[in-house]
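Line by line, the protein sequences are chains A and B.
In terms of my numbering, the first sequence opens at residue 1083 and continues consecutively.
In terms of my numbering, the second sequence opens at residue 1087 and continues consecutively.
Even for Gly, the Cβ is constructed at its ideal location relative to N, Cα and C.
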Amino acid sequence: MYRYDEFDTDFVSARVEQFTDQVRRRLAGDLDEEQFKPLRLMNGVYLQLHAYMLRVAIPYGTLNGAQMRKLAYVARTYDRGYGHFTTRQNIQFNWPRLKDIPAILEELATVEMHAIQTSGNCIRNVTADHFSGAAADEILDPRPYAEILRQWSSLHPEFSFLPRKFKIAVTGAPHDRAAVQVHDIGLQAKRDADGNVGFTVFVGGGLGRTPMIARKVRDFLPEEDLLAYCEAILRVYNRYGRRDNKYKARIKILVHETGVDTLKADIEREFEEIRHGVLRLPQDEIDRITDYFAPPPFDAGADDGSLDRATAADPALAAFVERNLHAHKAPGYASVTISLKPIGKAPGDATADQMDAVAALAERFGHDEIRVSHEQNLVLPHVRKADVPAIFEGLKAAGLAEANAGLVTDIIACPGMDFCALATARSIPVAQRISERFGTPERQRDIGDLKIKISGCINACGHHHVGHIGILGVEKKGEEYYQITLGGSGDENSSIGEIIGRGFSYDDVVDAVETLVDTYIGLRETPQEDFLAAYRRVGDAPFKEALYGTA
Amino acid sequence: MAAQLYKDGGFVADDWRHLGDDEPLPEAGAVILPLARFLENVATAPASLKLAVLLRAADDPDALAPHLSRLELIAVDFAKFSDGRGYSTARLLCRRHGFDGELRAVGDVLLDQIPLMRRCGFTAFEIVHAPTRRALEAGHNVEVPLYLQPAERAGERPAGARAWARRPAASPV
Ligand code: HEM
Ligand code: SF4
């Protein structure tokens, strides 16, 4: 993985000093809250319902054991003993005190971590496929490009006061696990017939109150043009994005209102002006960054058949292997998903002890690599199949062995009313209740792949628009109400879910989800036809009828 | 009133003044005009009167292209510090149009944004925010002096192997 050189180390320390000084000037009254707000946001400090929140960047979701241990240390020392992994591959601490934040940032800097640009109207943490560098279907590892983008976008002097936040995601596999089409810029890395690297470029995706799938603006952007092209997009957005209404300020609205062809012409014109300039990426520089992400030395004897023997003897292990292992490009290896969705718990939360346990497993069995997925789980990307039984035992001891990756209980939920000042309804307790309802292993496995995503208000932090079943909590006459959407998806065939009908009360929403699931089970052609495929085949009529009766 | 213009490391007297919308054009002196009024008058102003231009956030710097070689000063307005369009305006003036006169940030110009403005090519700042003024007078530096992208400030040097990393000029510019 990427390691800081002296320059990066100095950069992050200078940034901590700068923020320490900003906090001091805020406390002294030299900065008012309005002036301080963008500064603290650019360092990941939010003001929440009960307290400040600190969002720490985990660039493209990659970290090592020492970094995970440091997060555990921060959780223990400055928070209430846990942290919350987010859908943008970051971690949030919900209870730090403002005066402690400079000290936390100093701690993080010792393991090459920071909170820069995890929030605010700037270019946010760049996200990538959580199986990058490991997945069998990968064409190339997108992380070197994510790292290059991370560097270029850090404290960018021109793009620190954009109309609104700006999110970039990169994937290097045909199956998109990074949801690139719902990002402001989505990049799909690929190779042309001659083996040259380039990107399909999507612009203007986003969720929030106006969900939109991004539009393709380039089929194959050569890698050397990556920064110049992104700078061109950002400059057009910075100059022309709406600033009169924060709900219309994302680039998706600019794409929509200007028209993709006109906007694309603007971007191309800007790009022509700068493409031969200083931002053109030299090949040796790409190679140098790529070297950091070289795969670990894989062991040829990684699969000695012992995993097959162990699964034959242990049904729980067999279930774990079936759901939580992902195909790896190296023979005998697999990627292990560590579910942060134990039945009935808050999705994405991990205690300090669990973080330490994962760090230890990564160091012992996983080439010291950990990933955070946008589904709010953790991943050990490179493990020998022969080590899976031991990893499974270690995860069991830490309470992290739930065999539910991709299943109905692997729910994404935003913080909702429990933590968030903007919430109109609870989301975590709804997730917990659904998880309990479907929690038995047999039932989950029978249902198969199903993504449920829950947001506690229209801002859509829980990605409900791209859930196969999406749940949006709203408020109606002082009561929580839950609107259900069906058919959303955030992969290479992205779609925005459709509202199925009137909403359900907090008490009834879990029954409604169960009705939908049972309806699907009744109409699927084979057990292999998953919920989304069945929905796409039959449409919403049978689901409507099951929920509301025939109109 | 004390000088508001911060330039070359100190507060200095300003030879220019912003002309009010209802003030008639004087016969002589040096005034800063909003873009439309500047364009109306640039061809006919007497030789004794120097004109500079104030670009607001939505103004297109391309409109100044024919006049740039004769302009000594362009002011860019930050009506609200959170409106970042002026940063792009500045870079376009410097890079695209090669403007090398005084590029001045005016309006809601605050201490923490000045380092970013400098990197986008601003060389002068009109300061009204009292804590910012105090901090500048005290020489308080809030900059992260390592950069991860090339920009417009004169004298920045490449740093290390990375094509896009920069450090400030050896002596502050
Ligand atoms: C509790 C504090 C939080 C607040 C106040 C908050 C606020 C918001 C707001 C206002 C938006 C809409 C932005 C827009 O459309 O321009 C948004 C979107 C979003 N937030 Fe949050 N959020 C919070 C926590 C989270 C958490 C914990 C996550 C991850 C689990 C998250 C992930 C997202 C994502 C992915 C979006 C969608 C952005 C898009 O439209 O593409 N947020 N948030
Ligand atoms: S979706 Fe709404 S309730 Fe949930 S975290 Fe985002 S802003 Fe808060």
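Chain A contact for residue i (CB, 7 Å cutoff)
i, result
"Tyr1092(B)", "no"
"Phe1097(B)", "no"
"Val1228(B)", "yes"
"Val1259(B)", "Since pLDDT at Val1259(B) reaches only 43, below the 50 mark, its modelled position is unreliable, and the value read off the structure follows with that caveat. Answer no: the Cβ-Cβ gap between Val1259(B) and chain A never drops below 7 Å."
"Trp1046(B)", "Nothing can be reported for residue 1046(B): it is not among the residues displayed for chain B, which extend from 1087 to 1259."
"Leu1262(B)", "Since the displayed chain B opens at 1087 and closes at 1259, residue 1262(B) lies outside it and no answer follows."
"Pro1110(B)", "no"
Cross-chain neighbours of residue i in chain A, by beta carbon under 8 Å
i, result
"Pro1231(B)", "Ala1096"
Nearest residue (CA-CA) to residue i, options the options
i, options, result
"Pro1217(B)", "Leu1196(B), Ala1133(B), Val1117(B) and Ala1176(B)", "Leu1196(B)"
"Gly1359(A)", "Leu1289(A), Ala1310(A) and Lys1247(A)", "Ala1310(A)"
"Leu1113(A)", "His1104(B), Phe1167(B), Arg1204(B) and Arg1123(B)", "Phe1167(B)"
"Gln1436(A)", "Phe1093(A), Pro1523(A) and Gly1147(A)", "Gly1147(A)"
"Leu1389(A)", "Asp1219(A), Ile1581(A) and Pro1471(A)", "Pro1471(A)"
"Leu1159(B)", "Asp1145(B), Arg1103(B) and Gln1199(B)", "Arg1103(B)"
"Ala1505(A)", "Leu1422(A), Ile1230(A), Ala1261(A) and Glu1561(A)", "Glu1561(A)"
"Gly1280(A)", "Glu1240(A), Ser1242(A) and Leu1222(A)", "Leu1222(A)"
"Phe1586(A)", "His1196(A), Glu1596(A), Ser1577(A) and Arg1151(A)", "Glu1596(A)"
"Val1461(A)", "Leu1231(A), Arg1162(A) and Asn1406(A)", "Asn1406(A)"
"Arg1508(A)", "Leu1554(A), Val1490(A), Arg1519(A) and Gln1526(A)", "Leu1554(A)"
"Ile1493(A)", "Arg1525(A), Gly1143(A), Ile1551(A) and Ile1349(A)", "Ile1551(A)"
"Leu1190(A)", "Gly1583(A), Val1299(A), Arg1137(A) and Gly1476(A)", "Arg1137(A)"
"Gly1538(A)", "Leu1605(A), His1257(A), Arg1515(A) and Ile1510(A)", "Ile1510(A)"
"Ala1468(A)", "Lys1298(A), Met1499(A) and Thr1393(A)", "Thr1393(A)"
Test: residue i CB closer than 7 Å to a CB of chain B
i, result
"Pro1624(A)", "no"
"Val1360(A)", "yes"
"Leu1226(A)", "Here the sequence assigns Pro to residue 1226(A), which means Leu is not the residue at that position. Judged by the 7 Å Cβ criterion, Pro1226(A) is not in contact with chain B."
"Glu1367(A)", "yes"
"Glu1607(A)", "no"
"Phe1118(A)", "no"
"Glu1240(A)", "yes"
"Asn1320(A)", "yes"
"Phe1586(A)", "no"
9 Å Cβ cut-off: residues of chain A touching residue i
i, result
"Gly1246(B)", "Asp1087, Glu1088 and Phe1089"
"Pro1236(B)", "Gly1359, Val1360 and Leu1361"
"Leu1202(B)", "Leu1237, His1238, Pro1239, Glu1240, Ser1242 and Phe1243"
Closer than 7 Å at the beta carbon, the chain A residues around residue i
i, result
"Asp1198(B)", "Gln1104 and Leu1121"
"Ser1134(B)", "Here the premise fails: no neighbours, minimum Cβ distance about 36 Å."
"Leu1189(B)", "Simply none; closest approach about 13 Å."
"Cys1206(B)", "Pro1239 and Glu1240"
"Pro1254(B)", "Near Pro1254(B) there are no residues of chain A at all, since even the closest Cβ is about 12 Å away, more than 7 Å."
Within 7 Å, strictly: CB atoms of residue i and residue j
i, j, result
"Pro1184(A)", "Thr1282(A)", "no"
"Gly1288(A)", "Lys1334(A)", "yes"
"Tyr1134(A)", "Asp1431(A)", "no"
"Ala1439(A)", "Ala1480(A)", "yes"
"Val1228(B)", "Gln1149(A)", "no"
"Asp1092(A)", "Leu1232(B)", "yes"
"Pro1178(A)", "Tyr1160(A)", "yes"
"Pro1224(A)", "Gly1254(A)", "yes"
"Gly1277(A)", "Ala1197(A)", "no"
"Asp1622(A)", "Ile1582(A)", "yes"
"Gly1426(A)", "Glu1518(A)", "yes"
"Gln1171(A)", "Ile1205(A)", "no"
"Phe1625(A)", "Leu1605(A)", "no"
"His1547(A)", "Gly1569(A)", "no"
Contact list for residue i against chain B, beta-carbon separation under 7 Å
i, result
"Arg1325(A)", "Asp1169"
"Gln1565(A)", "Ordered by position in chain B, no residue passes the 7 Å Cβ test against Gln1565(A), which lies about 33 Å from the chain."
"Pro1364(A)", "Ala1249"
"Gln1100(A)", "Val1228 and Val1230"
Proximal chain B residues relative to residue i, where beta-carbon distance stays under 8 Å
i, result
"Leu1244(A)", "Gly1170"
"Phe1281(A)", "Under the 8 Å cutoff, chain B gives no residues; its nearest Cβ is about 18 Å from Phe1281(A)."
"Ile1184(A)", "The question names Ile, but residue 1184(A) in the sequence shown is Pro. The premise fails here: Pro1184(A) is roughly 14 Å from chain B at the closest Cβ pair, so nothing lies under 8 Å."
9 Å Cβ cut-off: residues of chain B touching residue i
i, result
"Phe1353(A)", "Going along chain B, no residue has its Cβ under 9 Å from Phe1353(A), so there is no contact; the nearest lies around 13 Å."
"Asn1146(A)", "By Cβ distance, chain B contributes nothing, its closest Cβ being about 22 Å from Asn1146(A), past 9 Å."
At what residue ranges does the segment 1498-1555 of chain A contain a whole run of the beta strand (DSSP E), taking only runs of 3 or more? 1534-1537
Quick one: complete beta strand (DSSP E) runs, 3+ long, within the segment 1102-1151 of chain B? 1115-1120 and 1135-1141
Could you tell me which uninterrupted alpha helix (DSSP H) segments, each at least 4 residues in length, are contained entirely in the segment 1165-1215 of chain B, listed from first to last along the chain? 1171-1177 and 1200-1205
Quick check on the DSSP output: what are the complete beta strand (DSSP E) runs of length 3 or more inside the segment 1382-1442 of chain A, in order along the chain? 1407-1409, 1415-1420 and 1431-1433
Run through the segment 1440-1497 of chain A for me and flag every whole beta strand (DSSP E) of 3 or more residues, listed as ranges in chain order. 1452-1454 and 1460-1466
Length at least 3, wholly inside the segment 1293-1355 of chain A: the beta strand (DSSP E) runs in chain order: 1297-1304
Runs of alpha helix (DSSP H) wholly within the segment 1115-1179 of chain A (minimum 4 residues, chain order): 1115-1123 and 1147-1160
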